[in-house]
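Engineer:
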Amino acid sequence: MDPDIPLSAYCPIDFSSSNRDLDTVDITDPVSCEAYIKQFLEEKGAQIAYGGYLEARNLYSDKPAFREGQLRNIHLGVDFWALAGTAVITPLDGVVHSFRDNKESGDYGPTIILEHQTVAGTWYTLYGHLSRESLENLENGQLFKAGTVLGTLGTSDINVYYAPHLHFQLIRDIGPYLGDYPGVCSADEVEFYRMNCPNPCILLGI
33 MDPDIPLSAY CPIDFSSSNR DLDTVDITDP VSCEAYIKQF LEEKGAQIAY GGYLEARNLY
93 SDKPAFREGQ LRNIHLGVDF WALAGTAVIT PLDGVVHSFR DNKESGDYGP TIILEHQTVA
153 GTWYTLYGHL SRESLENLEN GQLFKAGTVL GTLGTSDINV YYAPHLHFQL IRDIGPYLGD
213 YPGVCSADEV EFYRMNCPNP CILLGI
């Protein structure tokens with residue numbers, strides 16, 4: 033995130049369904065969720081709350097798309113909860129693979145996927161819940177060097193009814209997806225996605 037925010041200002045947060053502190057918070061409502069995050073950060077003396085890899089959550093319980101067929105409630109990336117407008121920085125060199133404004137309820141809103149060539153082969157990183165401005169003048173194949181600004185966080189009305197945050201996800205094999213990739217899975221799918229979408233904290237060093 034914003035390079036002016038030091039890592040000492042980051043704090044882990046628990047959004048799992050087992051966190052009893054959330055029993056009195058309607059986290060499916062972006063206003064209530066944002067208020068909870070703001071209070072949490074103030075209590076911790078932090079600026080960015082992060083976490084959520086393979087976390088089983090109630091955050092999606094009001095969104096029909098996550099209840100069709102098998103319940104999908106296990107989060108496959110890491111979320112960085114911060115103020116709307118906070119800059120998003122690329123962690124390594126990459127080119128734009130695809131981008132799209134995923135506007136359906138519960139989806140990512142504006143999303144960018146970068147492709148990275150590494151000694152371990154081709155990898156992809158997904159950045160969801162960005163501002164619409166982040167997609168302006170963007171082109172497939174466009175190069176972003178590590179440490180440069182990719183975009184900014186969107187407001188809750190733009191990022192499809194979530195409190196402002198970045199959904200960051202590593203992907204090994206993206207298949208046919210363009211500008212989108214599953215960010216939440218069912219319990220039966222965890223082992224596949226654990227392999228295809230490793231913990232991003234390994235890359236970020238947190």
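When we follow the working numbering, the leftmost residue of the sequence shown carries the number 33, and every step to the right adds one.
Using N, Cα and C, we set each Cβ at its ideal position, and we do this for glycine too.
Keep in mind it's a predicted model, so treat the numbers as computed, not measured.
1. With distances taken Cα to Cα, identify the nearest neighbour of GLU136 among TYR194, ASN231, LYS76, PRO230.
2. Which runs of the beta strand (DSSP E) spanning at least 3 residues fall entirely within the segment 112–192, listed in chain order?
3. So does the segment 142–154 actually touch the segment 120–133, counting three or more Cβ pairs closer than 8 Å?
4. Cutting at 7 Å between CB atoms, please list the residues of its own chain near PRO239, excluding the five before and the five after it.
5. Quick one: Cα of ASN231 to Cα of ASP111, how far?
6. Among all the DSSP beta bridges, which residues are the ones paired with TYR42?
7. What three-state label does DSSP hand VAL57 in the structure shown?
8. I'd like to know whether the C-beta of ASN172 is nearer than 7 Å to at least one C-beta of chain D.
9. Alpha carbon to alpha carbon, how far is CYS229 from THR157?
10. Leaving aside the five residues before and after SER93 along the sequence, list all residues of the same chain whose C-beta is less than 7 Å from its C-beta, in chain order.
11. Can we say the segment 71–78 touches the segment 195–215, given the rule of at least three CB pairs closer than 8 Å?
12. Would you call ASP55 buried or exposed, if buried means 16 or more other Cβ atoms sit within 10 Å of its Cβ?
13. What's the gap between the Cα of ALA238 and the Cα of TYR42?
14. Please state if the CB of MET33 and the CB of THR154 are separated by a distance shorter than 7 Å.
15. So is PHE224 buried or exposed if we call it buried at 16+ other beta carbons inside 10 Å?
16. Can you pull the DSSP bridge partners for CYS217?
17. Measuring alpha carbon to alpha carbon, tell me which of ASP139, PRO123, LEU73 ends up nearest LEU91.
18. Check the C-beta distance from LEU162 over to GLY183 and give it rounded, since I have them as a contact under 8 Å.
Structural biologist: Per the coordinate set shown:
1. For the purposes of this step, residue 136 is identified with residue 104 of the sequence shown, where counting begins at 1. Among TYR194, ASN231, LYS76, PRO230, the Cα nearest to that of GLU136 belongs to TYR194.
2. Segments of the beta strand (DSSP E) lying fully in the segment 112–192: 119–121, 126–134, 141–150, 153–160, 181–184.
3. yes
4. The structure shown does not extend to residue 239, since the chain is modelled only from 33 to 238, so the question has no answer here.
5. For the purposes of this step, residue 231 is taken as residue 199 along the sequence shown, with counting starting at 1. For the purposes of this step, residue 111 is taken as residue 79 along the sequence shown, with counting starting at 1. Looking at the two C-alpha atoms, the distance is approximately 12 Å.
6. To locate residue 42, count along the sequence shown from 1; it is residue 10. ILE80, per the DSSP bridge assignment.
7. Reading the sequence shown from its first residue, position 25 is the one you call residue 57. Correct three-state label for VAL57: coil.
8. The structure shown contains no chain D, having only a single protein chain.
9. The residue given as residue 229 occupies position 197 in the sequence shown. The residue given as residue 157 occupies position 125 in the sequence shown. Linking CYS229 to THR157 through their CA atoms gives a straight-line distance of about 10 Å.
10. Against the sequence shown, residue 93 aligns to sequence position 61. If we look at SER93 and ignore the five residues flanking it on each side, its Cβ neighbours are THR60.
11. no
12. In the sequence shown, the residue the question calls residue 55 occupies position 23. It is exposed - the Cβ of ASP55 has fewer than 16 other Cβ atoms within 10 Å.
13. Residue numbering aside, residue 238 sits at position 206 when the sequence shown is read from its first letter. Residue numbering aside, residue 42 sits at position 10 when the sequence shown is read from its first letter. It is Ile, not Ala, that sits at residue 238 in the sequence shown. Their Cα atoms are separated by approximately 9 Å.
14. Mapped onto the sequence shown, residue 154 falls at position 122. Mapped onto the sequence shown, residue 33 falls at position 1. Contact: no.
15. To locate residue 224, count along the sequence shown from 1; it is residue 192. Classification for PHE224: exposed.
16. For the purposes of this step, residue 217 is identified with residue 185 of the sequence shown, where counting begins at 1. The secondary-structure analysis by DSSP pairs CYS217 across a beta bridge with ILE106.
17. For the purposes of this step, residue 91 is taken as the residue at position 59 of the sequence shown. Closest in alpha carbon position to LEU91, among ASP139, PRO123, LEU73, is ASP139.
18. Mapped onto the sequence shown, residue 162 falls at position 130. Mapped onto the sequence shown, residue 183 falls at position 151. Right, the Cβ-Cβ distance comes to about 4 Å (below 8 Å), so this counts as a contact.
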